[in-house]
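Let me begin by presenting the structure, written as structure tokens, before commenting on it.
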Amino acid sequence: MNQATHAPSVSVSELRLPLASRLASFGELFWLTLRQHTHGRRLVVLVLLLALPCVLAIMLRSLSRPAPADILEFALVFGLIPHALAPLTALLYAAGMIQDEVEGQTLTYLLLRPLPKWTIYLTKWLATLLVCVFLIGFFTFTLYLAIYWGTPQLWTEIVPGRAWKTVVILALAQLGYCSLFGCLGLLFRHTLIAGVAYIVLLEGVIANVAFVGRALTVVYYFRVLILRWLELPDLMQRQWVRAWQLDLATMPAAPKCVETVVVASLAVTIFSAWWFSRSEFALKTPESSG
Amino acid sequence: MTPVVEFDGVSKWYGNVIGLNKLTLRIPAGVTGLLGPNGAGKSTLLQLATGQLRPSQGTVRVLGQSVWSNPALNRHVGLCPEQDAFYEWMTGWDFVHTCARLSGIARGAAAAATEKALDLVGMAENMNRAIRGYSKGMRQRTKLAQALVHEPRVLFLDEPFTGTDPVARRDLMDVIRNLDGAGRSVLVSSHVLHEVQALTPNIVLLHRGRLVAEGHVQQIRDLIDTHPHRIVLVCEDYRALAAKLVACADVEAIHFLTRDSAILVETRQPDAFYTRLPDLALENGTAIREVYSEDDNLEAVFKYLVTA
């Protein structure tokens, strides 16, 4: 045995990882998370779900008496996507980003690297947010094309204005949902059930009731930003205000909405990263399971 | 001599269940075997030593540094975990390269380190195949490669021989012995005394979360050899294998485990028996798929030590 080469201790300077190495580490974790999200059935299921409104729009617009584009826009772009598909996408990805590693027992390979635990959470969360924003943004834009294809507004009003603004607002909503469901994934074992219950009760029911509690929902800020930013035709705006039971005079200004969503999301994410950093993840060995 | 791994009054509870009980232990440089039956606390000890678990009581230090919440130390520490978990969609090369990059190694250097680590564990030929198609032995080798890729000073190996065939077992043992020669310290856990004894005479014995004994293996072997060593061999044609083994003088008894296509061999000379196994495993008609030792005899020794 070559005892002379065995060093029994390391100095603090030997422990410090150079900045370039740290960046390489974060970059790899970000890339790994993106690859995880684009492998497996989850992406296929979500793509099929997100493509459904596009198919539906094409079918309804192809009828002998095509459905009006503005009604389809309200029902699909401002109904189905923010109420169901956007939160579901965030739920499936954000809640699973740590849980999947724990259940697959691959979290060990991440925890054994010279990365502070809180940065592991943050890096994975950022990659997850990017995937969710891309998916929702891409399919929302495609849905707009499907609804307004062949109409004169498409290239004058929709593509240069409403479509990309809606994508930006949905990206903000995804920020909120990813923070929330990421946190939920850490705190609860049955996240899918808790997440669906949250989507249905809070984002589905409470957001539609005109009382102060709706200010706790992401959908509320989404709707206010739609009405503030989209420069909708007057008639359309009045109809949507009535449908959503909002009051233009009392609802918050757009910057306030953005600030609220961003600050709340960051607060939840920082809490989650802290929670993750102090959590232990015991492995399922024959000892622990037996 | 300054210990590489130190446990000072460490206890770990999982709710009401105790994983480790007031463990004080100093592990020197070199190779040390961590022995104990299932449930002894070996994996808990390794998870504490690698900073995955926080001690409920006491302190754990590796290379003189506190372990919990000290990720920078992971630069110098490697773990080959017991669980058979991978990113199955990756190739072996991809997996080890990803681990290298996660350890902060630059892209070019990571590729070179990956190939070196995979070559060291004998996976160079299969490194471009998807992990989901790997045999148990290949998976164990790949796990070892990920633990080695960043050239850690201290290596923790949790049951690295579980489920491997005799050839893979021999190769992995050679790798571990060479690590010691290269100046790395290794703590290898197993519930099979013979495996550990083949690597090092320095052993630590755990039983029900407590340190039962530590020191030279010979003292333990003297106790063990009063009991027959029980080894299970899994083989397609287990009857032919039994026919070959029955002629061996060191085999005391053979039991058929028909349901598992396996035989249970009892021997009082496990060294001689294990030495013969790799050649036997390669013979036509008796290709051995898996070898494992029942821990009955070790359990008996633990009972003896605990009640003595």
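Line by line, the protein sequences are chains A and B.
Its first residue numbered 861, the first sequence is counted upward by one per residue in the numbering used here.
Its first residue numbered 18, the second sequence is counted upward by one per residue in the numbering used here.
Every residue gets a Cβ at the ideal spot worked out from N, C-alpha and C, and that includes glycine.
For the pair LEU908 (chain A) and PHE999 (chain A), the CB atoms are not nearer than the 8 Å cut-off. Between the alpha carbons of LEU951 (chain A) and LEU1035 (chain A) lies a distance of about 12 Å.
At least one CB atom of chain B sits nearer than 8 Å to the CB of SER885 (chain A). The three-state secondary structure of ILE122 (chain B), taken from DSSP, is coil. Taking CB atoms only, GLN82 (chain B) has a neighbour in chain A less than 8 Å away. Taking the CA atoms as reference points, PRO976 (chain A) sits about 40 Å from PHE938 (chain A). Using a CB distance cut-off of 8 Å, TRP106 (chain B) counts as an interface residue toward chain A.
The C-beta of GLY964 (chain A) comes closer than 8 Å to at least one C-beta of chain B. For the pair ILE44 (chain B) and VAL21 (chain B), the Cα-to-Cα distance works out to about 6 Å. If you look at ARG43 (chain B), you'll find it in the beta strand (DSSP E) that goes 34-44. Ranking B:ALA126, B:SER60, B:TRP110, B:GLN286 by CA distance to the CA of PRO98 (chain B) puts B:SER60 first. Contact annotation, GLU212 (chain B) with PHE178 (chain B): C-beta distance approximately 5 Å; criterion of less than 8 Å satisfied.
Judged by DSSP in its simplified three-state form, HIS244 (chain B) adopts coil rather than helix or strand. By the CB criterion at 8 Å, LEU970 (chain A) and GLU961 (chain A) fall inside the cutoff. In the DSSP assignment, ASP175 (chain B) is bridged to B:SER206.
The shortest C-alpha to C-alpha distance from MET107 (chain B) to any of B:GLN100, B:ASP101, B:THR115 is the one to B:THR115. Contact annotation: GLY95 (chain B) and ASN219 (chain B) have beta-carbon atoms that are not nearer than 8 Å. Rounded to whole angstroms, CYS1038 (chain A) and CYS992 (chain A) show a C-alpha spacing of 8 Å. The beta carbons of LEU250 (chain B) and VAL166 (chain B) sit no closer together than 8 Å.
Of all C-beta pairs linking the stretch 878-894 of chain A to the stretch 924-942 of chain A, fewer than three are shorter than 8 Å, placing the two stretches out of contact.
Chain-order list of chain A residues neighbouring PHE103 (chain B): THR966, by C-beta distance under 8 Å. Cβ-Cβ distances below 7 Å link GLU269 (chain B) to PRO245, GLU283, THR284, ARG285 in the same chain, with the five nearest sequence neighbours on each side left out; the list follows chain order. In this structure the stretch 910-926 of chain A does not lie against the stretch 127-134 of chain B, because fewer than three pairs of beta carbons, one per stretch, are closer than 8 Å. In chain order, ALA1133, TRP1134, PHE1136, SER1137 place their CB closer than 8 Å to the CB of TRP978 (chain A), counting only its own chain and leaving out the 5 sequence neighbours on each side.
In this structure, LEU51 (chain B) places its C-beta atom within 8 Å of the C-beta atom of VAL221 (chain B). Sixteen is the threshold: since fewer than 16 other Cβ atoms of the shown chains lie within 10 Å of the Cβ of PRO1115 (chain A), the residue is exposed.
LYS29 (chain B) is bridged by DSSP to B:LEU37.
Among the CB atoms of chain B, one or more fall inside 8 Å of the CB of LEU972 (chain A).
Contact between GLU105 (chain B) and ARG146 (chain B) does not hold, since the beta-carbon distance rounds to 12 Å and is not under 8 Å.
DSSP places THR1051 (chain A) in the uninterrupted alpha helix (DSSP H) bounded by 1051-1058. Taking the Cα of LEU137 (chain B) as reference, the smallest distance to any Cα among B:ALA162, B:ARG170, B:ALA259 is reached at B:ALA162. With fewer than 16 other beta carbons inside 10 angstroms of its own, HIS899 (chain A) counts as exposed. Residues of chain A with a Cβ closer than 7 Å to the Cβ of ALA89 (chain B) are, in chain order, LEU875, ARG876, LEU877, PRO974.
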